[in-house]
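For reference, the structure is listed below as structure tokens.
Structure below.
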């Protein structure tokens with residue numbers, strides 16, 4: 001069995017092994033990481049050989065740590081990353097290069113249509129009707145998008161939302177409320193086969209699926225990094241956040257919203273939770289919490305999306321694609337039956 005795991009911001013970890021009578025056998029670790037002393041590689045191989053095949057990442061990482069000689073130095077990888085690579089090998093996980101990727105970037109759409117498309121396109125990837133896809137969003141109108149499990153009354157100030165022209169909609173992923181103002185955010189969704197993240201925890205998969213975006217931001221001059229569980233940040237402040245849902249049909253929805261030109265004062269008037277986060281951290285202004293991409297790059301929103309598109313295309317050989325009429329029709333049915341209904345919006349009052 002063969003497994004690979006590219007550590008976000010680090011190096012490639014490669015494992016080869018056999019499963020014999022429920023135990024890991026003939027284990028060999030390789031990769032472009034750095035490890036001192038040289039003998040530590042053989043120590044790791046010996047520590048993994050013989051472990052039960054059902055060992056989870058934590059058990060494997062603990063075995064690696066116990067085997068390392070005093071003073072050993074690991075650069076570009078961790079004991080946990082060895083565990084992830086092993087779990088991926090045992091689960092027959094795939095890699096980015098195993099797929100042909102598409103990038104779609106349709107024109108402005110209503111918020112509820114965006115949310116419905118997320119569900120439809122994820123399902124299309126699960127059935128094989130669609131290639132794994134990156135989609136950039138364009139906004140037809142302003143909206144507050146709340147997480148699947150959030151309370152409407154706890155998250156949104158109805159007077160502030162009405163004053164500034166924000167409708168409230170609910171997505172299928174968890175996480176926090178996002179204020180989506182036309183022209184002020186960069187939002188994208190990834191629709192990927194579940195096999196791409198096999199062997200990873202949710203926490204591992206967040207950073208793994210967004211590494212290309214971090215590299216794109218760094219290429220634009222932003223000192224961007226990932227902060228678990230789901231934040232993209234820089235020394236100047238938070239840039240955005242991710243949310244994810246794994247469908248039982250065999251695909252993963254992973255989407256991210258980053259602030260381009262956020263009005264911090266408006267955010268505190270529309271979102272109740274914004275006030276709590278600010279007071280909890282002793283921050284006087286919301287504008288200091290969410291640092292917009294515009295101030296750090298000097299680029300237009302369209303240029304940022306173009307640079308991100310180029311980064312993804314160069315890494316994963318992606319080609320331009322389109323959303324099909326059948327997918328749009330399925331999304332509109334979901335809008336009518338689910339996303340525009342009070343039952344869905346107020347499922348958590």
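Numbering (full-length UniProt numbering), first residue to last: 1 to 349.
Quick reminder that beta carbons are idealized off the backbone N, C-alpha and C, glycines included.
Neighbourhood of residue i by C-beta, 7 Å cutoff - its chain only, sequence neighbours within 5 removed
| i | result |
| --- | --- |
| residue 349 | 151, 152 and 153 |
| residue 346 | 152 |
| residue 52 | 22 and 23 |
| residue 266 | 164 |
| residue 80 | 57 and 61 |
| residue 344 | 170 and 338 |
| residue 297 | 220, 221, 222 and 304 |
| residue 12 | 4, 6, 31 and 32 |
| residue 333 | none |
| residue 373 | The chain is shown from 1 up to 349; residue 373 falls before or after that span and cannot be answered. |
Neighbourhood of residue i by C-beta distance below 6 Å, restricted to the same chain and skipping five residues each side
| i | result |
| --- | --- |
| residue 14 | 4, 30 and 31 |
| residue 246 | 252 |
| residue 234 | 222, 223 and 224 |
| residue 178 | 145 and 257 |
| residue 105 | 136 |
| residue 294 | 260 and 261 |
| residue 287 | Summary for residue 287: the model assigns pLDDT 47, below 50, so the residue's position carries little reliability, and this model does not support an answer. |
| residue 127 | none |
| residue 73 | 36 |
Closest Cα partner of residue i within the set the options
| i | options | result |
| --- | --- | --- |
| residue 249 | 268, 144, 270 and 192 | 192 |
| residue 107 | 337, 330 and 323 | 323 |
| residue 68 | 216, 92, 37 and 58 | 37 |
| residue 44 | 295, 34, 82 and 55 | 82 |
| residue 326 | 49, 141, 129 and 138 | 129 |
| residue 340 | 46, 110 and 48 | 110 |
| residue 188 | 200, 116 and 136 | 136 |
| residue 304 | 332, 260 and 313 | 260 |
| residue 201 | 127, 311 and 84 | 84 |
| residue 263 | 182, 46 and 62 | 182 |
| residue 119 | 100, 105 and 190 | 190 |
| residue 102 | 42, 318 and 334 | 318 |
| residue 97 | 269, 6 and 141 | 6 |
| residue 268 | 158, 204 and 230 | 158 |
| residue 71 | 309, 35, 230 and 100 | 35 |
| residue 131 | 100, 12 and 306 | 100 |
| residue 139 | 115, 127 and 121 | 115 |
| residue 228 | 141, 203, 10 and 308 | 203 |
| residue 17 | 236, 194 and 50 | 50 |
| residue 10 | 42, 313 and 77 | 77 |
Per-residue burial, residue i [other beta carbons within 10 Å of its own, 16 or more giving buried]
| i | result |
| --- | --- |
| residue 254 | buried |
| residue 75 | exposed |
| residue 279 | At residue 279 the pLDDT is 47, less than 50, meaning the model places this residue with poor confidence; the figure from the coordinates comes in the next sentence. Answer is exposed; the Cβ neighbour count stays below 16. |
| residue 292 | buried |
| residue 87 | buried |
| residue 26 | exposed |
| residue 302 | exposed |
| residue 20 | exposed |
| residue 143 | buried |
| residue 335 | buried |
| residue 205 | buried |
Proximity below 8 Å, CB of residue i to CB of residue j
| i | j | result |
| --- | --- | --- |
| residue 113 | residue 125 | no |
| residue 168 | residue 162 | no |
| residue 221 | residue 232 | no |
| residue 94 | residue 196 | yes |
| residue 374 | residue 156 | The structure shown does not extend to residue 374, since the chain is modelled only from 1 through 349, so no value can be given for it. |
| residue 257 | residue 180 | yes |
| residue 117 | residue 329 | no |
| residue 28 | residue 89 | no |
| residue 47 | residue 63 | yes |
| residue 243 | residue 321 | no |
| residue 123 | residue 198 | no |
| residue 270 | residue 166 | yes |
Residue i at chain D interface by Cβ criterion, 8 Å
| i | result |
| --- | --- |
| residue 69 | Although the question refers to chain D, the structure presented lacks it and comprises just one protein chain. |
Beta-carbon proximity list for residue i, same chain, < 8 Å, skipping 5 on both sides
| i | result |
| --- | --- |
| residue 8 | 207, 208, 210, 211, 214 and 226 |
| residue 282 | Legend: pLDDT at residue 282 = 37, less than 50; position of this residue unreliable, no value from coordinates given. |
| residue 311 | 212, 213, 215, 216 and 219 |
| residue 66 | 47 |
| residue 299 | 220, 293 and 307 |
inquiry  = Check whether the stretch 56-68 and the stretch 170-180 touch, using three or more Cβ-Cβ pairs below 8 Å as the test.
reply    = no
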